[in-house]
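Chemist:
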Amino acid sequence: MRTLIPTLLFFVLALHCHGQVERDKALHFLGGNLFGLAGAGIAKQASDGNRIWTFVGSVAGSTLIGLAKETVDAGQQNNGWDNDDLAATILGGVTVGVTIDLFAKKDDRRRLRGRYSKLDLKRKKRWVQPHSEFVLLEGKLPSLQTLGLSNHEFTAKQ
73 MRTLIPTLLF FVLALHCHGQ VERDKALHFL GGNLFGLAGA GIAKQASDGN
123 RIWTFVGSVA GSTLIGLAKE TVDAGQQNNG WDNDDLAATI LGGVTVGVTI
173 DLFAKKDDRR RLRGRYSKLD LKRKKRWVQP HSEFVLLEGK LPSLQTLGLS
223 NHEFTAKQ
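Letter 140 of the sequence shown, counting from 1, is numbered 212 in the working numbering, and no numbers are missing.
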């Protein structure tokens, strides 16, 4: 209940802000979403699921298309470069990047599948068993039973 009232108040106040956004900025945001999604997909495939490169690919895809669109606009007569349009396009890519990171699939242990880096720093160091040598008793190797192993474990099943 503590978070419900501020959330509802936020949405009521945000309804009036919808009329403030130009249609052009909304289209730039949508274009940034689409090209950010394409950039994220390419980066995810290229980096084998690295989450940081997926986010960078999303932002880079939207930035490239935003720069290309504003360059075309700057060359047209009665039109010019608009930093607000570029910001809306990049914001679309950032939104997609964050959304992909939040909704990434999780593995069986409820951890995200993609990694931030290739290094596995959380892997526990494995205990290395000391090297033991066979001791010869009266000129022959000890049997499996004296080593604590049964002969049944090593027989081939047919």
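Idealized CB from N, CA, C, for every residue including glycine.
On a predicted model such as this, the values are computed, not experimentally measured, just so you know.
Considering Cα atoms alone, identify which of 137, 124 and 142 is closest to residue 110.
Modeler: In the sequence shown, counting from the first residue as 1, residue 110 sits at position 38. Among 137, 124 and 142, the Cα nearest to that of residue 110 is on 137.
Chemist: Specify, as a first and last residue, the run of the alpha helix (DSSP H) that residue 74 falls within.
Modeler: Sequence index remark: in the sequence shown, residue 74 carries index 2 (1-based). That residue, residue 74, is in no alpha helix (DSSP H); it is neither H nor E in DSSP.
Chemist: One question on the structure: do residue 248 and residue 101 come within less than 8 Å of each other, judged by their Cβ atoms?
Modeler: Past the edges of the chain, shown from 73 to 230, lies residue 248, and the structure says nothing about it.
Chemist: When the Cα atoms are used, what is the spatial distance from residue 116 to residue 149?
Modeler: Walking along the sequence shown from the start, residue 116 turns up at place 44. Walking along the sequence shown from the start, residue 149 turns up at place 77. About 39 Å.
Chemist: For residue 156 and residue 97, which I take to be in contact (beta-carbon distance under 8 Å), what is that distance rounded to the nearest angstrom?
Modeler: Here residue 156 corresponds to residue number 84 of the sequence shown, with the count starting at 1. Here residue 97 corresponds to residue number 25 of the sequence shown, with the count starting at 1. At roughly 7 Å, the Cβ-Cβ gap stays under 8 Å, so residue 156 and residue 97 are in contact.
Chemist: Can you list, in chain order, the stretches of the alpha helix (DSSP H) that have 4 or more residues and sit fully within the region 135-181?
Modeler: Counting whole runs of 4 or more residues, the region 135-181 contains the alpha helix (DSSP H) stretches 155-174.
Chemist: On the CB-based measure, 16 or more other CB atoms within 10 Å of its CB, does residue 95 come out buried or exposed?
Modeler: Locating residue 95 in the sequence shown gives position 23, counting from the first residue. Under this definition residue 95 is an exposed residue.
Chemist: Given residue 142, which residues of its chain have a CB within under 7 Å of its CB, disregarding the five upstream and five downstream residues?
Modeler: Taking the sequence shown and counting its residues from 1, one reaches residue 142 at position 70. Cβ within range, chain order: 153, 154, 157 and 158.
Chemist: Put residue 121 into one of helix, strand or coil per three-state DSSP.
Modeler: Locating residue 121 in the sequence shown gives position 49, where the first residue counts as 1. If DSSP states are grouped into helix, strand and coil, residue 121 belongs with coil.
Chemist: For residue 125 and residue 113, what's the separation of their Cα atoms in angstroms?
Modeler: Your numbering for residue 125 matches position 53 in the sequence shown. Your numbering for residue 113 matches position 41 in the sequence shown. One C-alpha to the other measures close to 10 Å.
Chemist: Using three-state DSSP, classify residue 230 as helix, strand or coil.
Modeler: Start at 1 with the first residue of the sequence shown, and residue 230 comes out as number 158. At residue 230 the pLDDT is 49, less than 50, meaning the model places this residue with poor confidence; the figure from the coordinates comes in the next sentence. Coil, per DSSP.
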